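**Q**
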Amino acid sequence: MKGRVLVVDDDLALAEMLGIVLRGEGFEPSFVHDGDKALEAFRETRPDLVLLDLMLPGIDGIDVCRQIRAEAGVPIVMLTAKSDTVDVVLGLESGADDYIVKPFKPKELVARVRARLRRTDDPTPELLQIGDIAIDVAGHSVKRGDRHIPLTPLEFDLLVALARKPRQVFTREVLLEQVWGYRHAADTRLVNVHVQRLRAKIEKDPEHPEIVVTVRGVGYKAGPA
Amino acid sequence: MRIPLKTSARRGLRVIRRLARAALGATHARWRRSIRVRVVTTTLVVSAIVVAVLGVFLMQQITNALLEAKERAALLQLDDGVGIAQGQLATGPSDPETLNNVVTTLARRSGTAGLYEVILIDDRDPGINGFSSNSIKPGSVPTRLRLQVERAPASTPYRTYGRLSYDDGTSAAGLIVGAKVNAYQIYYLFPLTQERQSLVVVQRTLFGVGAALMLLLAAIASLVTRQVVIPVSLAAQSAERLAAGRLEERMKVRGEDDLARLATSFNDMAANLQEKIVQLEELSKVQRQFVSDVSHELRTPLTTIRIAADVLYEAREEFDPLTSRSAELLQSQLERFEGLLTDLLEISRYEAGAATLDAESIDVRELVLRAVGDTEGLAERKGSKIIQQLPGEATMAEVDRRRVERILRNLLVNAVEHGEGKDIVVSVAADRDAVAIAVRDHGCGLRPGEAHLVFDRFWRADPARARTTGGTGLGLSISKEDARLHGGWLQAWGEPDQGSQFRLSLPRVAGAELRGSPLPLVPPEIELRRAPYAELKLEADA
Amino acid sequence: MRRGLALVTLVLFAVTGCAGVPSGSQVVGGRVTGHRQPIDDPYVRVIPVGPGRDWDPGKIITAFQAASGSFDGPNGDHKVAREYLACGGCWQPGISTVVYDRIEQTSVQIGGARASVTVEVDQLGKIGSDGQYIADSHRLKVTYQLRQDAQKQWRISWLPQELLLSRNDVNRAFRTLDLYFFSPDRQVKVLVPNPVFIPMVNRTWLSQQLVKQLLGGPTTWLRGAAVRTGFPGGTQLRRLDISGGVATVDLSRQARSGDLRNMSIQLMWTLRQLREVDQLKLEIEGKPVEVPGAGGTVQSASVWAGYDPDGQGDVPRGWVRTADGRLARLDSSVPQVLLPKLRVSHPAISYDARQVAAVSKSGDTVTVTDMTTGGTRVVLHAKLAGGRFCKPSWDLHGNVWAVESNSRGSRLWEITPGTTKIAVDGWTLAPYPVRALRISRDGTRAAAIVQMGQVSQVQLGRVDPAPTGGLQAEGFIAINSDLSAAVDLTWRDADHLAVIGATDGNPSPLLYDVPVGGGAIQPIMGPGGDMKAVAAYPGAPLLVAQHVASPQPLDNVCWLSDKYGEWKCYDRTSAPAYPG
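Chains as they are written, first to last, in this note's numbering: chain C, 32 to 256; chain Z, 27 to 568; chain E, 339 to 918.
#1: Straight-line CA distance for Val587(E) to Gln611(E)?
#2: Measuring CA to CA, which of Glu47(C), Glu186(C), Arg228(C) is closest to Arg147(C)?
#3: Using a Cβ cut-off of 9 Å, pull out every chain C residue sitting near Glu364(Z), in sequence order please.
#4: Span of the alpha helix (DSSP H) holding Thr401(Z)?
#5: Relative to the alpha-carbon of Lys679(E), which residue among Thr660(E), Asp516(E), Leu750(E), Ala564(E) has its alpha-carbon at the smallest distance?
#6: Name the chain Z residues that come within less than 9 Å of Ile448(E), Cβ to Cβ?
#7: Does any C-beta atom of chain C lie closer than 8 Å to the C-beta of Ala538(Z)?
#8: Are the C-beta of Ala511(E) and some C-beta of chain Z separated by less than 8 Å?
#9: Between the region 389 to 407 of chain E and chain Z, which residues of the former have CB atoms less than 9 Å from a CB of the latter, in chain order?
#10: Please name the residue, chosen from Ile99(C), Leu158(C), Leu49(C), that lies closest to Ala192(C) on a Cα-to-Cα basis.
#11: Determine the direct distance from the alpha carbon of Arg458(Z) to that of Gln300(Z), and round the result to whole angstroms.
#12: Along the chain, where does the beta strand (DSSP E) containing Ser595(E) start, and where does it finish?
#13: Whole angstroms is fine: what's the gap from Ala915(E)'s alpha carbon to Thr608(E)'s?
#14: Suppose you measure from the CA of Arg655(E) to the CA of Arg172(Z); what does that come to, to the nearest Å?
#15: Scan the region 536 to 570 of chain E for residues whose Cβ lies nearer than 9 Å to a Cβ of chain Z and list them as they occur along the chain.
#16: What residue from Leu273(Z), Arg276(Z), Pro257(Z), Ile147(Z) has the CA that sits closest to Asp283(Z)'s CA?
#17: List the residues of chain D whose Cβ lies closer than 7 Å to the Cβ of Asp336(Z), in chain order.
#18: Beta-carbon within less than 7 Å of Arg473(Z)'s beta-carbon, same chain only, minus the 5 sequence neighbours each way: which residues are those?
#19: Does any residue of chain E bring its CB to less than 8 Å from the CB of Ser159(Z)?
#20: Could you confirm whether any beta carbon from chain Z is found closer than 8 Å to the beta carbon of Asp42(C)?
#21: So Ala441(Z) and Asp467(Z) are supposed to be a Cβ contact under 8 Å. How far apart are they, rounded?
#22: Would Ile154(Z) pass as an interface residue toward chain E - the criterion being a Cβ-Cβ separation below 8 Å?
#23: How about Leu206(C): is its C-beta nearer than 8 Å to some C-beta of chain Z?
#24: How would you call Ser745(E), buried or exposed, if buried means at least 16 neighbouring beta carbons within 10 angstroms?
#25: State the CB to CB distance for the pair Leu215(Z) and Glu123(Z), rounded to an integer number of angstroms; the pair is presumed to be in contact (CB under 8 Å).
#26: Would you identify the three-state DSSP class for Ala334(Z), choosing helix, strand or coil?
#27: Under 9 Å between beta-carbons, which chain Z residues line up against Tyr381(E)? List them in chain order, please.
#28: Tell me the start and end of each unbroken beta strand (DSSP E) in the region 133 to 157 of chain Z that is at least 3 residues and wholly inside, in chain order.
#29: Around the Cβ of Asn818(E), are there at least 16 other Cβ atoms within 10 angstroms (buried) or fewer (exposed)?
#30: Could you round the C-beta distance between Asp394(E) and Trp492(E) to whole angstroms and report it? I think they count as a contact, below 8 Å.
#31: Roughly how far, in whole angstroms, is the beta-carbon of Val706(E) from the beta-carbon of Lys729(E), given that I think they are within contact range, below 8 Å?
#32: If the criterion is Cβ atoms closer than 8 Å, does the pair Leu84(Z) and Leu232(Z) meet it?
#33: Return the bridge partner residues of Ile373(Z) from the DSSP annotation.
#34: According to the Cβ coordinates, are Ala477(Z) and Arg529(Z) closer than 8 Å?
#35: Go through its chain and collect everything with a Cβ distance to Lys448(Z)'s Cβ below 6 Å, but skip five positions before and after it.
#36: Within its chain, find whatever has a CB closer than 7 Å to the CB of Ala55(Z); leave out the 5 residues flanking it on each side and keep chain order.
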């Protein structure tokens, strides 16, 4: 359950405070205060999760997010002061798995971090097939034919959640709870953005999805309509 | 037989009336819409009146002049004739032969064109009443003229207009002059055929010229209006485009006349407007940036404080009582401070016009259920029970989930806060175009005039009363803005000791215009107790 | 703005200044377009009135006679005058018209509800139903019967069928117009006028009646002269319309068999007497017909000008006898003697002006001299005891007509060019001495001065083929009752004579224009002397021979200058003559 958490934040006080909380919860935090050095620090520490502030001196948090996502599928949770749609969507689209709006409660933060780290402890061997997509749940791999499709852990969880019960319609709230671990209603935009990202990777034609299908007014389901 | 005739006549009349009304309507519409039609029609009507009046006047003048000339000539001829007759009658005996010769002489003087006819009346001989020239009928001399001439002294001429009839059955208008010579009466009868022809020619000419003049004036009016209206309508088009947001729209400036000045002024105005709008836009951008920055800058330390406070709060049991209480207070006030900050930021977002609607089709009941679920705990603490009156089927509407939830939470919290522990009723209703959610409490209610004030920022019904639920005083104000962003209404009703009701009405389709609400603003049980007339005032207030 | 107003005012003033009549312009020729044809001379009608209340029989008759002078009513049937009658239909005045000079009521007899009024008139002549006037002067007694009607008003119950009209009534109510027919001569087409009296009901009626009478043929009197007409028998007038100078004559289908040229000539010459007619359009059964040689359907008067009854061509010179008995032509101010050896009295020049017929000085021989050769031959000697020839007369064929008279009678001779002489058989004037005889140019009529007792009367006879094969002159009628002492006569044109004579009222001889139709005679102002002889030719000045007593006795021939209306005389000349 312990994990390494890289905190990317320019605010020293907040970083320290986060450090106190995380350590109190048994995580191993490391810190970087500059966007320019974030990638470097990420390569050095190889964290299990990245806490990333969106507003950073040097490279913007969104760019940092892209850089990290380009190297690894490690879970990224964004810290943002901007709850505006545009900023959140921008952050999510750049590769973040989840976000927390400042100010937040320490418990909330810990809950999110835990939720992102939990899946790594769940090695049940299982093979799923959706359309022409084969999913090896234990092996964390998704293939179309022989071709491997790289997915982030969150995208993988989302696909697995849908694929485990094909043809069942999941509302966004249900998905939020199952995939992100939210008890209470949160921002359903998380689901939307990640479904779009998933489709971009696994669908032949993302404009006309065949694997993850939208059910208007309700949510999503796996498999053909 | 009479009745069907009458009915068919009435039906015909009705058809005619309908057609006339339709034509009138079309004409009226054109009349209202086009300056040109108005100006041309007015010119036509006015010039028609002027031409008609002028024509009648001219015709009268010409007729008078012509007839006066004719009369003068006729009297001169008569004078001449009377002189000749007197001469002949003086030298010879006045037997019928002399009279015959007199008439012959006089008739010969009429010339080959038949300028006039002569009648000489002599009723002394039995069987003969005088002589007439050519085929004129003696009856052409009107009796009124004969009586006048008979009574008058000799050689006094009289004249009148009458109808000359001839032996071959024809007749013509004519001027008849007569005078007495000795015991006889001489009448000259002038047919007015030539004058009539002249007058007809003049009349036709007047008609033609009048019509041409009218058309010409109408054409001129049309041309002039065109010259004025086209630039004006171009200006109107430009203004419309400008109003539609195309700030780069400008008018063409041609010449140096008034219209050119209009165009120049318009362009100046447009340029100024564009400049101002660009300025404002930039200002707004700057402000938004500022707000965003402030938000970030404020939030980051707030987060630190918050976490720190939380840590302290978690560890309060290890502190001494004073310190422990301080940690508690710090915790609660931080929450309030955070709420205030959030609301303030929301309001500043509205003011900057940065608020956007993220609409999706949602069952409104679901939102209500969730909001109620969120506030139930608070209500229980205050001793209130939240009663829900929801429709049986899904009530779908295109709304922004976040905003509507926020509105509902605000309303419920507000109701709980002022509900004095009594029941709170949430009802949902929908019709074809709109959904409405009403939140009713039975608390102290609102005093007259307060139904509007409740949406003012930081407004408080009783300044002396303490806030118990830690509301920021901005909730209703934000809710009102949220409702307005949807194109909906948020209205309040309240009476002292009757409680209050807040009604949110939203169009089912985002951006559609809201025409009415499926729920009454005033609760039905109150309405029933009311006098029928008070309703009007309240509706007006709403 | 103010300048604009001033400009408008200025323009307005300029425009109003233009109004008015021009005080000068260029000279423009041409007739007024669209003018109306001049209508005929004005005429005067009496205004008749019906009987007054309680008039006595005498007054009724006087008023009736006055009122019957009016041809009122739609067809000139005396509508007002009929109000005096007890029975409207019992009076048909169309038979003939008695023309009188004086009238007087000689007796009025009233017996209860009946009365009779006797009227005596001095009759001058009669107009027949065909319009032919015959002078017949005598005293006439007429009796009218009257009776009272239910309202005690006298009305005429019986009256003569003739219309009694005074000379003035006739002058006023009738028009004398010529109908034109062709002379019997088949070689030369010559129009013969046939004067008729037509009542002037109104202008339309007059023109229609004129054409109807033309279609009906010549008057009974002229019919004897065997004149020819182009209209087939039974031809009727369907319609006559005169407008814009064009007379449209629509004839019935019978006209199809007639000669269109002849009909057109007759119609044109007859209708052109009406001043409103210039052109003729002939239709048969409503369809316009094209007349050969007339150039289109509308014929102008000039097309048929060649058929002028007065002849055409140059106006001939006049001839006179000089004091020494020689024949001289009036070429200039001095008469030109052409044949110095020839001595003539009463010369008559042939129409071709090559021959001259003359009477010898003694008056008992007629000679004919060829003026080109100068050869004279005696053609005729008097046959009657003490017979004297009056001036001979030529016709168009070169015949010489000569009449010899003594105190008891006369004889007529015709000298045709080939033969020597023919005594004309049918000479109805044989019992009377004849003072003068002139044959008309067309050769169908003869005008004569006949000595009847104390009266020398102007009479008109016709020349027609005699049953024996030759020609005869018969059917002489008096054409005027006024001229009681005629001296000499000549044809002025086809239907007018110039007569020197005296009337009852004026015993000294004057020159008169006498229409052969019997119309009113008009005096012509003479040269002033004692007129002896007269010569005329259509279009040529009138020549009058006179004797002037002072300042010294002188015979001269005077001619009436058209230009100044004055007489100019050739001294020491006499016996004027024109061809004819």
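In this text, a Cβ means the ideal position worked out from N, Cα and C, and glycines have one as well. The model shown is predicted, which means the values in this text are computed figures rather than measured ones.
**A** On the basis of the data shown:
#1: 15 Å
#2: Glu186(C)
#3: Pro134
#4: 390 to 408
#5: Thr660(E)
#6: Ordered by position in chain Z, no residue passes the 9 Å Cβ test against Ile448(E), which lies about 18 Å from the chain.
#7: no
#8: no
#9: Pro389, Gly390, Trp393, Lys397, Ile398, Thr400, Ala401, Phe402, Gln403, Ala404, Ala405, Ser406, Gly407
#10: Leu158(C)
#11: 41 Å
#12: From DSSP, Ser595(E) is part of no beta strand (DSSP E); its letter is neither H nor E.
#13: 30 Å
#14: 60 Å
#15: Val539, Asn540, Arg541, Thr542, Trp543
#16: Pro257(Z)
#17: No chain D appears in the structure shown, which is made up of the protein chains C, Z and E.
#18: Pro522
#19: yes
#20: yes
#21: 4 Å
#22: yes
#23: no
#24: exposed
#25: Wrong, their Cβ atoms sit about 23 Å apart, outside the cutoff.
#26: helix
#27: Thr130, Ala133, Ser159, Asn160, Ser161
#28: 143 to 147
#29: buried
#30: 7 Å
#31: Contact doesn't hold; Cβ gap of about 13 Å is too wide.
#32: yes
#33: Answer is none; Ile373(Z) lacks a bridge partner.
#34: no
#35: His468
#36: none
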